[in-house]
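All residue numbers for the sequence shown refer to the working numbering, where the first residue is 23 and numbers rise by one. Yeah, the Cβ is synthetic: ideal placement off N, Cα and C, and Gly gets one too.
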Amino acid sequence: MDIRKVGVVGAGTMGHGIAQVFAMKEYDVTLVDHEKDNLAKAVKMINLSLDKLVEKGRLANAVRMEIPKRVRTSTDLKALDRCELVIEAVTEKAEVKKEVFQQLDKICPKETIIATNTSSISISKLGAFTKRPGRVIGMHFFNPPVLMELVEVIRGIDTSQKTYDEARRVCQRLGKTPVEIKDFPGFVANRLSIPLINEAIFVLMDNIATREEIDTVMKLGMHHPMGPLELADFIGLDVVLHIMENLYEEYEDSKYRVCPLLKKMVEAGHLGRKAGKGFYEYDENGRKK
Ligand code: NAD
Numbered sequence: 023m024d025i026r027k028v029g030v031v032g033a034g035t036m037g038h039g040i041a042q043v044f045a046m047k048e049y050d051v052t053l054v055d056h057e058k059d060n061l062a063k064a065v066k067m068i069n070l071s072l073d074k075l076v077e078k079g080r081l082a083n084a085v086r087m088e089i090p091k092r093v094r095t096s097t098d099l100k101a102l103d104r105c106e107l108v109i110e111a112v113t114e115k116a117e118v119k120k121e122v123f124q125q126l127d128k129i130c131p132k133e134t135i136i137a138t139n140t141s142s143i144s145i146s147k148l149g150a151f152t153k154r155p156g157r158v159i160g161m162h163f164f165n166p167p168v169l170m171e172l173v174e175v176i177r178g179i180d181t182s183q184k185t186y187d188e189a190r191r192v193c194q195r196l197g198k199t200p201v202e203i204k205d206f207p208g209f210v211a212n213r214l215s216i217p218l219i220n221e222a223i224f225v226l227m228d229n230i231a232t233r234e235e236i237d238t239v240m241k242l243g244m245h246h247p248m249g250p251l252e253l254a255d256f257i258g259l260d261v262v263l264h265i266m267e268n269l270y271e272e273y274e275d276s277k278y279r280v281c282p283l284l285k286k287m288v289e290a291g292h293l294g295r296k297a298g299k300g301f302y303e304y305d306e307n308g309r310k311k
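Next up, the structure:
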């Protein structure tokens, strides 16, 4: 199947970036979110990101001007009824994704691939919410999708070979490197990186070092491009919490216990860069104060 029409559900941190990546490779993109304001914000973020690419000389202005025209937005999932591939990027909660998967299954043609950008929820479980588990797959993009080269491609128990081959080809067309991963909680990237972030929050809570010192240790000592607390703010503390909770629930192993300080910050609404406040403070353009 030649995939040209792509839907993205959820226009948050990841959804708007995924929509941009597809539009930059000339796919027709429909971006859906149940919050109108989030769609407006997503379009603004896409334009800001394209401007930055032009400024850096990585994109010609004439090409840049065409890209947003390929992204239409809607608050109605029915706008995805002609898509050949839909990527779900809504909130990292199984019950929220279940509702979206069940609706997409009714709306989209039966050959449409329903992919999920989930960080930690089982692909097999999401597939079972539909009548087409063979056409359900994980396509886990990294933040920010425009710059990060990797996509973890995760096969659920029932994902067909055809679906896997098509998803892999799409990643290659986007200029990304797909890596095949089995369907186990956290896959590879988050199973390694999220417990590291959680442990850094324990280090902060135990007053072993300040936020800056913790981040400096990992940047200068381990050559990480960002410290774990900066990275947590960048990902979103609610997303980090949901992933940790999923790892803990699925593996039933105490090594994945959530740091109480992480829970407290999410309860207080200190969700990181998107909320203007997390471990650090940010201005309205997401720049650290
Ligand atoms: P986010 O909170 O920034 O955005 C989620 C968006 O989904 C919001 O705009 C919300 O309005 C929308 N939404 C929620 N329920 C909806 C529904 N029923 N219908 C339509 N829209 C709905 O979240 P995010 O950080 O973009 O994460 C999205 C997914 O991507 C999650 O599964 C997350 O685990 C995964 N992910 C996140 C990152 C990251 O760094 N943030 C990286 C890789 C993968």
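Item	Value
Restricting to Cα atoms, I'd like to know which of 167, 138, 298 is closest to residue 107.	138
Taking residue 142 and residue 220 to be in contact with their CB atoms under 8 Å, please state how far apart those CB atoms are, rounded to whole angstroms.	Between residue 220 and residue 142 the Cβ distance is about 13 Å, and since that is not below 8 Å, they are no contact.
Any idea what DSSP makes of residue 292, helix, strand or coil?	coil
Mind the definition here: the segment 95-115 touches the segment 218-236 only if three or more C-beta pairs lie below 8 Å; say whether that holds.	no
Going by beta carbon distance, what residues of the same chain come within less than 6 Å of residue 202, once the five residues before and after it are set aside?	175
Using the rule of at least 16 other Cβ atoms within 10 Å of the residue's Cβ for burial, across every protein chain shown, is residue 94 buried or exposed?	exposed
Applying the 10 Å Cβ sphere with the 16-neighbour rule, what's the burial state of residue 204?	exposed
Look at the alpha carbon of residue 121 and the alpha carbon of residue 230, and state the distance between them as a whole number of angstroms.	43 Å
Would you kindly work out how many angstroms separate the C-alpha atoms of residue 91 and residue 63, rounded to a whole number?	16 Å
Look at the alpha carbon of residue 249 and the alpha carbon of residue 302, and state the distance between them as a whole number of angstroms.	12 Å
By DSSP, does residue 162 sit in helix, in strand, or in coil?	strand
Please report the distance separating the alpha-carbon of residue 125 from that of residue 99.	8 Å
Please say whether residue 255 and residue 191 have beta carbons closer to each other than 9 Å?	no
Does residue 287 pass the burial test, meaning 16 or more other C-beta atoms within 10 Å, or should it be called exposed?	buried
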